[in-house]
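Heads up, the thing below is written out as structure tokens.
Protein chains in written order, with our numbering: chain V, 34 to 402; chain W, 34 to 402.
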């Protein structure tokens, strides 16, 4: 889990033992400190998800899958009938940790229905452990496939640049810190870098939690990929002046019509890309597709987080991490965490199965629905 | 200059004496501390403008006008011929303090051409003092007229709201802190509040210098006007959901065709307003119109400020003001300060002479050009 430079390139792993432990990178301290946290109960997993020690749709899914295993393990002395009702309650509680990412619900339901196939508690626990491992490894494979499919776009763009880097704008963090490995939006970038296609990434700061400036910039820096942090306000100006060749972002939930719920502010960048004829791609593992939903604006629940995330900000002062107030003491704030980018603003989806248009027809065709 | 609550409602004033002093609010410390700074030389005025102790197109103009007076006063023992060449050099230097706001250049040229009408140094100094006072008072009158003209829009919108507040979104600070009194974008809001038209203001944080969260929120709070601070990423979401009735912003330079250079990120909000059929108005005193310029994207110089304004942020920690690092130590940033909103995205201009379309024809008609 740790590469030669002693930095992990994986966000979550499981340590077997008498008392199983799931370890994660506690992302709240990045980029200033790399802290690993131990999770031993489903309640700890709930907190880690709701307080964003981990975040990003695929990682929320994987963490929830491990959370369900921990829940199951901690019921090892229960009677099967008690086990079922108790784990259902745990599932309901875990499901409330974040409302927007579909992967949370998907991973929990996957664990529940799989456990139902077994009658003994021991078998259920074993099944939950195996399923969590499978969900985690599938995430890695899907992300890598997104990279393989997406890098063709960067290669093409590179051909018209005479050796100058392809300028990619990304919003929030859809990197390996949002997944297990590789990332979604970053997977094509990491592969391009590996293939020596010159790239440069415009990293949207992504207020209020600054996942771009904190996490994406940190990831890219670790991989020695050229990047520049910009305020969220800047992307439109760059696009007006030909300084962006392609936008690639992630998604927390995708409707079957191709509407995308992603980090607040994504919609504004999609509008600017449209206005300046710049390709706007969303990278997504199929686990983020909610086939039940059609219209993103009407149907996807948008999480409202604590206003203190807007009013205060954490950073490094000397050797310590400080939190400071950046607004008048009495002023209120509101903290919508996601917005909807309608499908007509999206050039295409980069998925593990290939690239397709942001339409119901194309999605169904690609995923045999 | 100070109202009953002991808060100033004016940003700049002059104290006569053997050694004249220009006093300003040093806006770098708001909203946490209200500090008044003394300016005694044109070099101090240059620093106050370039380091943004004062900012906002109209205030930059007024401060530059007083700066030219201080420059003139400090040459009181010069021979008229030396006076002219020395003050021209001071003007050139002052003119480089900020590149985008046209008011800087306008105020300096106004002072230079006015002083040329007099032959003795004493008369020149007296003329500069009077002109600075006139430019300052004209700014107040223009802003108040913008309020009178703009409040009609808010009154109309209010008629369909059944007593619910008119929701106004504004970006950056185009309030009295950006001017001398009243503000530009805020003038209609202050008047509406006075007339008991219910209003609520969505205040864009306005990264990286947070003039919205720091200054606009502070101003509105002092005036007891309901407001909510939002990350710059949020406006599009609010507009998609009918939570914005009108956008009103300021401008640092306006071309004769109606393109507007305003704080970086304005363009993105204008795109969202267009996409959701929400009126998007720019409030401007005619001093921000650059009649020489036609195409904003091609002709207006866009200031690039120090990247440290993106990488670090100041705020309150306990009783002290701290600056913290909010990005990885090795990651670079770039800090474009303005962007261009093309005239076709603008519903209209609110000026001191009335409301008009964002077109050359309408502007020329309104201003008898």
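Heads up, the beta-carbon is just placed ideally off N, CA and C, and yes, glycines get one too.
- Counting only Cβ-Cβ distances below 8 Å, residue 300/W has contacts in chain V at 269, 270, 273 and 305, in chain order.
- For residue 394/W, the uninterrupted alpha helix (DSSP H) run begins and ends at 393-399, by DSSP.
- For residue 392/V and residue 230/V, the gap between their C-alpha atoms comes out near 30 Å.
- For a Cβ distance threshold of 8 Å, nothing in chain W lies close to residue 170/V: the least Cβ distance comes to about 29 Å.
- Between residue 359/W and residue 264/V, the C-beta gap is not smaller than 8 Å, which leaves the two residues out of contact.
- For residue 52/V, the closest alpha carbon among the candidates 108/V, 385/V and 93/V is that of 108/V.
- Residues of chain W with a Cβ closer than 8 Å to the Cβ of residue 363/V are, in chain order, 254.
- In this structure, DSSP gives residue 205/W a state outside helix and strand, which the three-state scheme calls coil.
- If you look at residue 350/W, you'll find it in the beta strand (DSSP E) that goes 345-350.
- Taking the C-beta atoms as reference points, residue 266/W is found no nearer than 8 Å to residue 202/V.
- Taking 8 Å as the cut-off, the Cβ atoms of residue 278/W and residue 224/W do not count as close.
- The C-alpha of residue 389/W lies about 55 Å from the C-alpha of residue 227/V.
- Between residue 195/W and residue 181/W, the alpha-carbon positions lie close to 23 Å from each other.
- Taking a beta-carbon distance threshold of 8 Å, residue 251/V counts as an interface residue toward chain W.
- Not a single C-beta of chain W is nearer than 8 Å to the C-beta of residue 287/V.
- By the Cβ rule, the segment 375-388 of chain V does not count as touching the segment 42-58 of chain W, because fewer than three pairs are nearer than 8 Å.
- Residues of chain W whose Cβ lies closer than 8 Å to the Cβ of residue 297/V are, in chain order, 264, 266, 267 and 270.
- A direct Cα-to-Cα measurement between residue 103/W and residue 287/W gives close to 29 Å.
- For residue 314/V, same chain residues with a beta-carbon under 6 Å away, outside a window of 5 residues either side, are 281, 380, 381 and 383 in chain order.
- In this structure, the CA atom of residue 89/V is about 11 Å from the CA atom of residue 133/V.
- The C-alpha of residue 115/W is placed about 12 Å away from the C-alpha of residue 153/W.
- Annotation for residue 54/W: 47, 48, 71, 72 and 73 place their beta carbon closer than 8 Å to its own, counting only its chain and skipping 5 residues before and after.
- For a Cβ distance threshold of 8 Å, residue set 345, 346, 357, 358 and 359 of chain V lies close to residue 348/W, ordered along the chain.
- As DSSP reads the structure, residue 291/V sits in no beta bridge.
- Identification of chain V residues near residue 243/W by a Cβ-Cβ cut-off of 9 Å yields 359 and 360, ordered along the chain.
- Membership of residue 119/V in any beta strand (DSSP E) is not indicated; the residue belongs instead to the alpha helix (DSSP H) covering 113-128.
- Under DSSP, residue 56/V takes part in a beta bridge, and its partners are 46/V and 71/V.
- Per DSSP, the beta bridge partners of residue 280/W are 202/W and 313/W.
- For residue 358/V, there is no enclosing alpha helix (DSSP H); the enclosing beta strand (DSSP E) covers residues 353-358.
- Counting other Cβ atoms within 10 Å of its Cβ, residue 401/W stays below 16 and is therefore classed as exposed.
- The beta carbon of residue 206/V sits closer than 7 Å to the beta carbons of 89, 244, 245, 248 and 249 from its chain, once the five residues preceding and following it are set aside; these are given in chain order.
- Look at residue 64/W: its C-beta is under 8 Å from a C-beta on chain V.
- Secondary structure at residue 143/V: helix, using DSSP grouped into helix, strand and coil.
- Using a CB distance cut-off of 8 Å, residue 111/V does not count as an interface residue toward chain W.
- In the three-state scheme derived from DSSP, where H, G and I count as helix and E and B as strand, residue 369/W is classed as strand.
- The Cβ of residue 261/V sits closer than 8 Å to at least one Cβ of chain W.
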